[in-house]
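> Just so you know, the protein sequences line up as chains A and S, in that order. Using the working numbering, the first residue of the first sequence is number -3, and each one after it goes up by one. Using the working numbering, the first residue of the second sequence is number 17, and each one after it goes up by one. Every residue gets a Cβ at the ideal spot worked out from N, C-alpha and C, and that includes glycine. Nothing here was measured: the structure is a model prediction, and the numbers come from that model.
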Amino acid sequence: MNFKKEYDVIVIGAGPSGVKSALTCSKKGLKVLIIDSNGNSGGQIYRAPPKSYIKKSEKTLEENLIQLKFSENLKKNNIDTAYNHTVWQVSPGFKIDAFNENGTIQWNTKNLIVATGTYEKIIPFDGWTTPGVIGLAACTILLKAHQTIPGNKIVLAGNGPLLISVAYYILKFGGKVDAIVDTSSKFEWIKSMISLIFNPKNFIQGISWILKIILSRVPIYSNSLINKVSKKENGISIEIQNIKNKQIKKLTTEVLAVGHGLTPSTDISRLLKINHSYDDLKGGWIPKLDQYFRSSMKGLYIVGDGAGISGAIPAEDKGELAAYALLKDQNIINEKEFTNKTSRIIKRLNRYEIFAKGIAKLNFTPKDLINNISENTILCRCEDITKRDIINAVNNGAKNLNQIKSWTRFGMGPCQGRTCQYSVAKVASEELKCNVKDLGYLTGRTPLRPFPLDKAIGDFEYDEITKVEAAPL
Amino acid sequence: MNLRIHDYFERGKKVKIIVNDETIEAYEGECLSVVLFISNKKNLRTSPKLKENRGMFCMMGSCQECVVLLDGKKVTSCNIFIKDGMKVKTGNLNEL
């Protein structure tokens, strides 16, 4: 694709929210670029299969149809798409730096919509770094996008709605689920299902998924967590513990998929140093935004689950609201049109939020999960930092996450703390007997993703180097 | 059990890749980390301090655990797609 140097609007993230905002801006005549590190639109929720997969006509998956619609709409509206491009730097103003397999590229824009979604929270336990232990979200991506069952025998663990959806897809595709280990109780599920009534489509879908799991006689361990995982020949051995009666059950399986809900991706908003607030119901730290998803920085809008976890359907509404706010801020639509377009969306979004809050309660991290982490367990996978290292740092005087980082090197590895920041904060807050929000969050740093220096430099001849005169002595 | 689901999509043609001198069959265009995972090549790299085995974990380019050497360069295998004759090395990547 021949990109322009400057766009009226740049959207980072081609999931439901990013696509909706891009379409809304484009329909009013703005030139829009949408960037995504995946090879296609759809985000993680409707992630497209690899390019080489050709759809068979007789059978289709609903997610795939939604994704195809996204691609078609982007094309129809002449929106430039930079797929397979990973953003590694965003500077105020705005300058967006990205890389792909050929090298680096920079774009400029006055209006930036960040729709970078979420990461999965995975609370550590002994042996969680063992190969064969993967995220529940990773498991979903394997199933839905890559059309692959991760193993012949799978145990699913954690909490939240993903547990049920992953189990359903494994069974639907003919795989075997050895067990579901749920941190929540059955009672908590029933309570949350009541709030699902506000969203009938999801309610019916949820019930049919649960029915399939029950009919397949998958053993469900409620109120339970994974105590320990160790490598065994041809698989892994898992120790399951009941939180209430402390009973232990041992299982041998091939793959463990585990996840404890989602947390908003704040990489870019932290880098741009806008204000954030802490909200457990929304997944942790979220950027401070007005009701139209404007941030405190002029021209910066943050949408989708990255603005607080509420799901794929409300994510589209958030994207649309931000786009209308942008159009009004740029005087492309007037006050009357803005109110007309947005009041209906706000009403719908508020209704969805009731449902989202019900689901969010299933995503809460119970204290038992944090307290059950043994001192030798690695929290920061990149730098091999254990819970003991974190506790030592705290006891030696580290008072916030950035200080703990300097003390221990946690969060200094290639993942920049994305995998462990949440659990390190929880562990430190338990030790300091303080609120997680009092520990702050890691300062945003570039590069947002590691990439080889040769890509940044590119190819050049010796003659092309600008020679600088040596400083006089 | 065939872990690849063929009901909804046709995959690319069958090709061979070389993983640490061992030949593995895969379909062209499949995701490298997924192929390694289901071919029982789960150990991809070692951790810096403890030299523990690590493998595919998040599948969305965030955790960086699935790094391997592809034709001599470090890449996250979750966003690499299979081409015929690819040479992949796993293990302690800094000493290979």
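Counting C-beta neighbours from all protein chains within 10 Å, is the total for A/Ala452 16 or more, i.e. buried, or is it exposed?
Classification for A/Ala452: exposed.
> Since A/Ser226 is in the alpha helix (DSSP H), which residue starts that stretch and which ends it?
From DSSP, A/Ser226 is part of no alpha helix (DSSP H) but of the beta strand (DSSP E) over Ser220 to Lys228.
> Out of S/Lys65, S/Tyr24, S/His22 and S/Lys58, state which residue places its alpha-carbon closest to the alpha-carbon of S/Val3.
No answer is possible for residue 3 of chain S: it lies beyond the span of chain S, which begins at 17 and ends at 112.
> Between A/Leu267 and A/Val15, is the Cβ-Cβ spacing less than 7 Å?
Their beta carbons are not under 7 Å apart, which means A/Leu267 does not touch A/Val15 by this criterion.
> Between the stretch 295 to 328 of chain A and chain S, which residues of the former have a C-beta closer than 8 Å to a C-beta of the latter?
Answer set for the stretch 295 to 328 of chain A: empty.
> Let me confirm a value: A/Ala321 is counted as buried when at least 16 other C-beta atoms fall within 10 Å, else exposed. Which label applies?
Result: buried.
> Mind pulling the beta strand (DSSP E) runs of 3 or more residues that sit fully within the stretch 144 to 196 of chain A?
Counting only runs of 3 or more, we get 150 to 154 and 173 to 178.
> For A/Gln40, write down the residues that DSSP places opposite it in a beta bridge.
Answer is none; A/Gln40 lacks a bridge partner.
> Against chain S, which members of the stretch 243 to 266 of chain A pass a CB distance test of less than 7 Å?
So the list is empty, because no residue satisfies the distance condition.
> Which residues, in chain order, does the stretch 19 to 35 of chain S contribute to contact with chain A at a C-beta distance below 7 Å?
Correct list: Leu19, Arg20, Ile21, Asp23, Tyr24, Phe25, Glu26, Arg27 and Gly28.
> Using the Cβ count rule (16 or more neighbours within 10 Å means buried), how would you classify A/Lys1?
Per the 10 Å Cβ criterion, exposed.
> Under 7 Å between C-beta atoms, does A/Leu511 make it to chain S?
The requested residue 511 of chain A does not occur in the structure, where chain A is confined to residues -3 to 469.
> Can a CB atom of chain A be found closer than 7 Å to the CB of S/Met102?
Judged by the 7 Å Cβ criterion, S/Met102 is not in contact with chain A.
> What number of angstroms, rounded off, separates the C-alpha of A/Gly327 from the C-alpha of A/Glu333?
Checking the displayed sequence, the identity of residue 327 of chain A turns out to be Asn instead of Gly. So the alpha carbons of these two residues sit roughly 11 Å apart.
> Spatial neighbours of A/Lys324 within its chain, please: CB distance less than 6 Å, with the 5 preceding and 5 following residues excluded, ordered by chain position.
Around A/Lys324: Phe334.
> State yes or no: is the beta carbon of A/Gly131 nearer than 7 Å to at least one beta carbon in chain S?
Closer than 7 Å to some Cβ of chain S, the Cβ of A/Gly131 qualifies, so yes.
> Say whether chain A places a C-beta atom closer than 7 Å to the C-beta of S/Cys82.
Chain A, which has no Cβ nearer than 7 Å to the Cβ of S/Cys82, makes this no.
> Restricting to Cα atoms, I'd like to know which of A/Ile176, A/Gly89 and A/Asn107 is closest to A/Pro157.
Out of A/Ile176, A/Gly89 and A/Asn107, A/Ile176 has the C-alpha closest to the C-alpha of A/Pro157.
> Evaluate A/Tyr42 with the Cβ neighbour count: other Cβ atoms within 10 Å of its Cβ, from every protein chain shown; 16 or more gives buried, anything less gives exposed.
Classification of A/Tyr42: buried, given that the 10 Å Cβ count is 16 or more.
> Compare the C-beta of A/Asp380 against all C-beta atoms of chain S and say whether one is closer than 7 Å.
Output row for A/Asp380: interface = yes.
> Please classify A/Pro448 as buried or exposed, where buried requires at least 16 other C-beta atoms within 10 Å of its C-beta.
Exposed, because fewer than 16 other Cβ atoms sit within 10 Å of the Cβ of A/Pro448.
> Give a yes or no on whether 7 Å exceeds the smallest Cβ distance from S/Asn108 to chain A.
So no, S/Asn108 is outside the interface.
> Could I get the ranges of all uninterrupted alpha helix (DSSP H) runs contained in the stretch 292 to 358 of chain A, with 4 residues as the minimum, in chain order?
Those alpha helix (DSSP H) runs which fall completely within the stretch 292 to 358 of chain A and span 4+ residues are 308 to 325 and 331 to 358.
> According to DSSP, simplified to helix, strand and coil, what is S/Cys94?
Looking at S/Cys94 - three-state DSSP - the assignment turns out to be helix.
> By DSSP, does A/Thr262 sit in helix, in strand, or in coil?
Correct three-state label for A/Thr262: coil.
> Quick check on the DSSP output: the alpha helix (DSSP H) that includes A/Tyr418 runs from which residue to which?
Start and end: Gln417 to Leu428.
> Hey, could you find the ends of the alpha helix (DSSP H) A/Pro12 is sitting in?
Note, A/Pro12: alpha helix (DSSP H), Pro12 to Lys23.
> Starting from A/Thr136, trace the alpha helix (DSSP H) both ways and give me its first and last residue.
A/Thr136 -> alpha helix (DSSP H) spans Leu132 to Lys140.
> Since A/Ser33 meets chain S, which of its residues come closer than 8 Å, beta carbon to beta carbon?
Within chain S, the residues near A/Ser33 are Gly77 and Asn95.
> Here's the rule I'm using: 16 or more other beta-carbon atoms within 10 Å means buried, otherwise exposed. How should A/Arg377 be labelled?
The residue in question, A/Arg377, is buried, as its Cβ has 16 or more Cβ neighbours within 10 Å.
> Taking 7 Å as the CB-CB limit, is A/Leu57 close to chain S?
For A/Leu57, the answer is yes, since a Cβ of chain S falls inside 7 Å of its Cβ.
> Take the Cβ of A/Tyr164 as the centre, count every other Cβ of all protein chains shown within 10 Å, and call the residue buried at 16 or more, exposed below.
A/Tyr164 is buried by the Cβ-count criterion.
> Could you check what DSSP says for A/Val214 in three-state terms: helix, strand or coil?
Coil at A/Val214, not helix or strand.
> Beta-carbon separation of A/His81 and A/Asn155 under 7 Å?
No, the Cβ-Cβ distance between A/His81 and A/Asn155 is not below 7 Å.
> Are the CB atoms of A/Gly202 and A/Ser13 within a distance shorter than 7 Å?
Not closer than 7 Å, so no.
> What is the residue span of the alpha helix (DSSP H) that A/Thr404 lies within?
Segment Leu397 to Thr404, the alpha helix (DSSP H) holding A/Thr404.
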